[in-house]
Amino acid sequence: AAAAWGRCGSPALLRGAVRAAPGRACSTGASVRAPSAVAQVRGIQSSGRGRFLLEHVAPFSAFLTDSFGRQHRYLRISLTEKCNLRCQYCMPEEGVQLTPKSELLTAQEIITLARLFVKEGVEKIRLTGGEPLIRPDVVDIVGQLYKLEGLKTIAVTTNGINLARLLPRLKEAGLNAINISLDTLVPAKFEFIVRRKGFHKVMEGIHKATELGYRPVKVNCVVMRGFNEDELLGFVDFTKDLPLDVRFIEYMPFDGNKWNFKKMVSYKEMLDTIKQRWPELEKLPCEASSTAKSYKVPHFQGQISFITSMSEHFCGSCNRLRITADGNLKVCLFGNSEVSLRDHLRSGASEEELVQIIGAAVGRKKKQHAGMFNISQMKNRPMILIGGFPVSKMCSHVTFLFSPERALMSFPLCQDALQNPPNSKQWGHTFSHRLTLRTSCCVFHKDPNSTFDTKCLEASPVGQVSVDCQSKEASPGSEFCTRDSGSSTKVPRASDSLTHTDEEGRATMVDVGGKPDSRRSAVAGAVVRLGEKAFGMVRQNQVKKGDVLAVAQIAGIQGAKLTSQLIPLCHNIPLNHVEVSLSLDEARYAVVIRSSCQTWGRTGVEMEALTAASLAALTVYDMCKAVTHDIVIEEVKLLSKTGGQRGDFSRV
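Going by this note's numbering, the sequence shown opens with residue 4, and the numbers climb by one from there.
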């Protein structure tokens, strides 16, 4: 075996120790057990042949070294453009034009190119997509890559849907590193974002990877403001009992994902949030070429990392190259410059010619982010066609407190919901979102010309919407009271003029800078009459598009958080709480919607509550319109509001 090991020695092999595994075959055909990395080095150093090779080993390939001295040892290969999910952040709304199968790289072409790159010094290959695990020959490709001498690591980035089923075979073939994309720990939110079911399959894949000994299992989470930044602590807690490396990735721009700076949550902001909960968080050492800044909560099995591609780019140490599924070489993830290796390969180019072509492309690599001053304005492939960082399944705040783009989701969530999230049916039909009812409130207007009876605003039996009742300063016009204390507060009558127009009648935003901060809340409602057939399908959760109540609930919460973007003169205010509940009214074959919003600020949240109710109602319509168009949305109205100079209101 020692003699065979010596005969297998080569500069490429010495540049990277071969993976320790039983039954590796060297170029002589002898089957040997590769020693550990330490044993390999000692064995090489102790032999005359080994000392000679170490002393005369060739420098790193000039063809894979760019003009800034960066040595590219890491190659990402996209196996397919197809995916079994339809993530909203990754797949443009209009879809993507898939490359004909005949123009995609064959398995043999992939191995040929991989062998060439490994020979020049590449030590790590990651298989990406699309979704790489839907390619039928993925196990065979991994097995062929494993035979390449000098290749240290074979990794895969996957959405996890097929992982549990394929992982035993992939591990046997030689796969030794896994990244799994997961942007939310809430099943209903996952389903809404990726437009498919499968949360439980992803979780099964994560657990299967840990069972088979992968350390760590990397979980990629793209963090987007108003989308899933409220789940940071839940993801950190996910590492407590599992050997995971949860990697929080700053949201990056690609064609079709409608990137804007406001969606990005920076590394420092995420770190501050996490340190408030775990001040003992420890920073871990990292390699020079690492893209991640890693941390660990003491005594947790796993760790967390931050991929700071936007706020603190790591272009200076970039060692990555990419080959797309159609055979184009990309030297920068953010660049649109590509070279077709497939065309040259199929035209009969020699190995030397291919190396020259690759070297020329690497030599043109820019210093940072493809040399673009503002990468948000760049023209590039959609993420699904690149196989770069999986800007995973676009998520938003779920609790259920969230907030994404294009009406995603958000719900109020109790502390243990992330550890024990409800299943899809529970989410939509039985998971109740509760607020503590501090007092039983009664709100009424005292108008001498009115004859209506004073009535109390009771908490709804479904959803239990409640409003905090606190003492208010007296002001003329109406009264506020609680059953507990009997105290009352005067409320001013409505203004006789419009506040959103100037003296010349032009629309203008109200200046709230001089107003005092106060607790404000609002409750709104809506009713969607479906008819008997559609109502029955919703009740049985048989609508083809999915769980109507769950998705509508998410859309309503998201709508509340996006109100200022939808209603031109609304202020962008931070919401302390958003809750949307949906109940079924069999007598009317209707879905009854209630929304509640709270804030501490200088302006009210009536519009946020109304937007939440409206978006939830429209979502119910959208999901049921394939069953019938005889759907009526009615009774969209403000039910109550508290706080502000104009006092409280209750619709009796």
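Quick reminder that beta carbons are idealized off the backbone N, C-alpha and C, glycines included.
Next on the checklist: Rounded to the nearest angstrom, what separates threonine 645 and tryptophan 603 at their Cα positions?
Outcome noted: Within the sequence shown, the letter at position 642 stands for residue 645. Within the sequence shown, the letter at position 600 stands for residue 603. Answer to the nearest angstrom: the Cα atoms are 11 Å apart.
From the DSSP output, in three-state form, read off aspartate 248 for me.
Taking the sequence shown and counting its residues from 1, the one referred to as residue 248 is at position 245. Three-state DSSP puts aspartate 248 in a strand.
Can you tell me the Cβ-Cβ gap for glutamate 283 and valine 300, rounded? I've got them flagged as a contact below 8 Å. Against the sequence shown, residue 283 aligns to sequence position 280. Against the sequence shown, residue 300 aligns to sequence position 297. Right, their Cβ atoms sit about 7 Å apart.
Worksheet item: Which residue spans inside the stretch 165–191 form an unbroken beta strand (DSSP E) run of at least 3?
Response: As far as the stretch 165–191 is concerned, its whole beta strand (DSSP E) runs of at least 3 residues are 180–184.
* To do: Report, in whole angstroms, the separation of the C-beta atoms of arginine 76 and glycine 146, which I expect to be a contact under 8 Å.
  => Reading the sequence shown from its first residue, position 73 is the one you call residue 76. Reading the sequence shown from its first residue, position 143 is the one you call residue 146. Not really, about 22 Å apart at Cβ, beyond 8 Å.
Using only the alpha-carbon positions, how far apart do cysteine 224 and isoleucine 196 sit?
For the purposes of this step, residue 224 is taken as residue 221 along the sequence shown, with counting starting at 1. For the purposes of this step, residue 196 is taken as residue 193 along the sequence shown, with counting starting at 1. Distance between the alpha carbons of cysteine 224 and isoleucine 196 is about 13 Å.
### Message
Is the separation between the beta-carbon of alanine 291 and that of leucine 82 shorter than 8 Å?
### Response
Within the sequence shown, residue 291 is the residue found at index 288, counting from 1. Within the sequence shown, residue 82 is the residue found at index 79, counting from 1. Going by C-beta atoms, alanine 291 is not nearer than 8 Å to leucine 82.
**Item:** Proximity below 8 Å, CB of isoleucine 560 to CB of alanine 615
**Value:** Along the sequence shown, one-based indexing puts residue 560 at 557. Along the sequence shown, one-based indexing puts residue 615 at 612. Going by C-beta atoms, isoleucine 560 is nearer than 8 Å to alanine 615.
| said: Give me the residue from Val583, Asp588, Lys174 with the minimum Cα distance to cysteine 600. | reply: Position 597 of the sequence shown, counted from the first residue, corresponds to residue 600. Minimum Cα-Cα distance from cysteine 600 among the listed residues Val583, Asp588, Lys174 corresponds to Val583.
Rounded distance between the beta-carbons of isoleucine 183 and isoleucine 209, thought under 8 Å: Reading the sequence shown from its first residue, position 206 is the one you call residue 209. Reading the sequence shown from its first residue, position 180 is the one you call residue 183. Cβ atoms of isoleucine 209 and isoleucine 183 come within 8 Å of each other, at about 6 Å.
Are the beta-carbon atoms belonging to glycine 661 and arginine 523 less than 8 Å from one another? It is not possible to answer for residue 661, since the shown part of the chain is limited to 4 through 655.
**Request:** Starting from glutamine 543, follow the beta strand (DSSP E) in both directions and report where the run begins and ends.
**Result:** If you number the sequence shown from 1, residue 543 lands on position 540. Per DSSP, glutamine 543 belongs to no beta strand (DSSP E) and is neither H nor E.
Check: Thinking C-beta only, is leucine 587 closer than 8 Å to arginine 532?
Finding: Here the question's residue 532 lines up with position 529 in the sequence shown. Here the question's residue 587 lines up with position 584 in the sequence shown. Contact: no.
Check: Okay, do the stretch 332–339 and the stretch 355–370 touch, 3+ Cβ pairs below 8 Å being the bar?
Finding: Touching, yes.
Check: What are the start and end residues of the alpha helix (DSSP H) that includes glycine 366?
Finding: Residue mapping note: residue 366 aligns to position 363 of the sequence shown, counting from 1. Its alpha helix (DSSP H) spans residues 354–366.
- Query: For isoleucine 326, which of Ser340, Lys564, Lys155, Thr622 has the nearest alpha-carbon?
  - Reply: The residue given as residue 326 occupies position 323 in the sequence shown. Nearest neighbour of isoleucine 326 by Cα position, chosen from Ser340, Lys564, Lys155, Thr622, turns out to be Ser340.
Drop a sphere of 10 angstroms on the beta-carbon of lysine 370, count the other beta-carbons inside from all chains shown, and report buried for 16 or more, exposed for fewer.
Taking the sequence shown and counting its residues from 1, the one referred to as residue 370 is at position 367. Classification for lysine 370: exposed.
Practice prompt. List the whole-angstrom C-beta distance separating tyrosine 149 from glycine 132, where the pair is believed to meet the contact cut-off of C-beta under 8 Å.
Written response: Within the sequence shown, residue 149 is the residue found at index 146, counting from 1. Within the sequence shown, residue 132 is the residue found at index 129, counting from 1. Wrong, their Cβ atoms sit about 20 Å apart, outside the cutoff.
message = Could you check whether the Cβ of serine 314 sits closer than 8 Å to any Cβ belonging to chain D?
response = Here there is only one protein chain, and chain D is not present.
By the three-class DSSP mapping on this structure, what secondary structure does valine 142 have? On the sequence shown, residue 142 is found 139 positions in, with the first residue counted as 1. Three-state result, valine 142: helix.
query = Can you list, in chain order, the residues of its chain whose CB lies under 8 Å from that of leucine 287, leaving out five sequence neighbours each side?
reply = For the purposes of this step, residue 287 is taken as residue 284 along the sequence shown, with counting starting at 1. Taken in chain order, the residues that qualify are Ser297, Tyr298, Lys299, Gln306.
Element boundaries [alpha helix (DSSP H), containing aspartate 588]: The residue labelled residue 588 in the question sits at position 585 within the sequence shown. First-last for aspartate 588: 580–588, but that is the beta strand (DSSP E), not the alpha helix (DSSP H).
Quiz item: What is the rounded straight-line gap between the Cα of glutamine 74 and the Cα of asparagine 322?
Solution: Position 71 of the sequence shown, counted from the start, is the residue given in the question as residue 74. Position 319 of the sequence shown, counted from the start, is the residue given in the question as residue 322. Across the structure, glutamine 74 and asparagine 322 are spaced so that their CA atoms are roughly 6 Å apart.
Does the pairing of the stretch 628–638 with the stretch 566–581 give three or more beta-carbon distances under 8 Å? Because the criterion of three Cβ pairs below 8 Å is not met, the stretch 628–638 and the stretch 566–581 do not touch.
task: Just the C-alpha distance for alanine 537 and valine 635, rounded to the nearest angstrom, thanks.
output: Numbered from 1 along the sequence shown, position 534 holds the residue referred to as residue 537. Numbered from 1 along the sequence shown, position 632 holds the residue referred to as residue 635. Going by the C-alpha atoms only, they are around 12 Å apart.
| For asparagine 87 versus isoleucine 164, is the C-beta spacing smaller than 8 Å? | Counted from its first residue, the sequence shown places residue 87 at position 84. Counted from its first residue, the sequence shown places residue 164 at position 161. Against a cut-off of 8 Å, the Cβ pair of isoleucine 164 and asparagine 87 comes out as a contact.
Whole-angstrom distance between valine 515 and arginine 228, CA atom to CA atom: If you number the sequence shown from 1, residue 228 lands on position 225. If you number the sequence shown from 1, residue 515 lands on position 512. Those two C-alpha atoms are separated by around 24 Å.
*asked:* Please identify the residue among Leu357, Lys548, His632 whose C-alpha is closest to the C-alpha of leucine 67.
replied: Counting from one through the sequence shown, the residue named residue 67 turns up at place 64. The shortest Cα separation from leucine 67 among Leu357, Lys548, His632 belongs to Leu357.
- What are the boundary residues of the alpha helix (DSSP H) that serine 617 is part of? Reading the sequence shown from its first residue, position 614 is the one you call residue 617. Serine 617 -> alpha helix (DSSP H) spans 609–627.
Query raised in the report: Using the C-alpha atoms, what's the distance from serine 64 back to glutamate 355?
Result: By 1-based counting over the sequence shown, the position of residue 355 is 352. By 1-based counting over the sequence shown, the position of residue 64 is 61. The alpha-carbon atoms of glutamate 355 and serine 64 are separated by roughly 13 Å.
I'd like the list of long-range same chain contacts for serine 105, defined as Cβ closer than 6 Å, with 5 residues on each side in sequence excluded. One-based indexing of the sequence shown puts residue 105 at position 102. Counting only Cβ-Cβ distances below 6 Å, and skipping sequence neighbours, we find nothing.
Practice prompt. Find out if the Cβ-Cβ distance for the pair alanine 191, isoleucine 596 is shorter than 8 Å.
Written response: Position 188 of the sequence shown, counted from the first residue, corresponds to residue 191. Position 593 of the sequence shown, counted from the first residue, corresponds to residue 596. Contact: no.
| request: Use the C-beta contact count for lysine 243: other C-beta atoms within 10 angstroms, 16 or more gives buried, fewer gives exposed. | output: Stepping through the sequence shown from its first residue, residue 243 is reached at position 240. The residue is exposed, with fewer than 16 neighbouring Cβ atoms inside 10 Å.
I need the straight-line Cα distance from serine 399 to leucine 621, nearest angstrom please.
Mapped onto the sequence shown, residue 399 falls at position 396. Mapped onto the sequence shown, residue 621 falls at position 618. With a pLDDT of only 31 at serine 399, under the threshold of 50, the placement of this residue in the model should not be trusted; the figure read from the coordinates follows. Approximately 19 Å between the Cα atoms of the pair.
**OP:** Go ahead and label glutamate 637 buried or exposed: buried means 16 or more other beta carbons lie within 10 angstroms of its beta carbon, across all protein chains shown.
**Re:** Start at 1 with the first residue of the sequence shown, and residue 637 comes out as number 634. Counting Cβ neighbours within 10 Å, glutamate 637 comes out exposed, since fewer than 16 surround it.
TODO: Output the boundary residues of the alpha helix (DSSP H) element that contains lysine 271.
DONE: In the sequence shown, counting from the first residue as 1, residue 271 sits at position 268. Looking at the DSSP string, the run of the alpha helix (DSSP H) that includes lysine 271 is 270–280.
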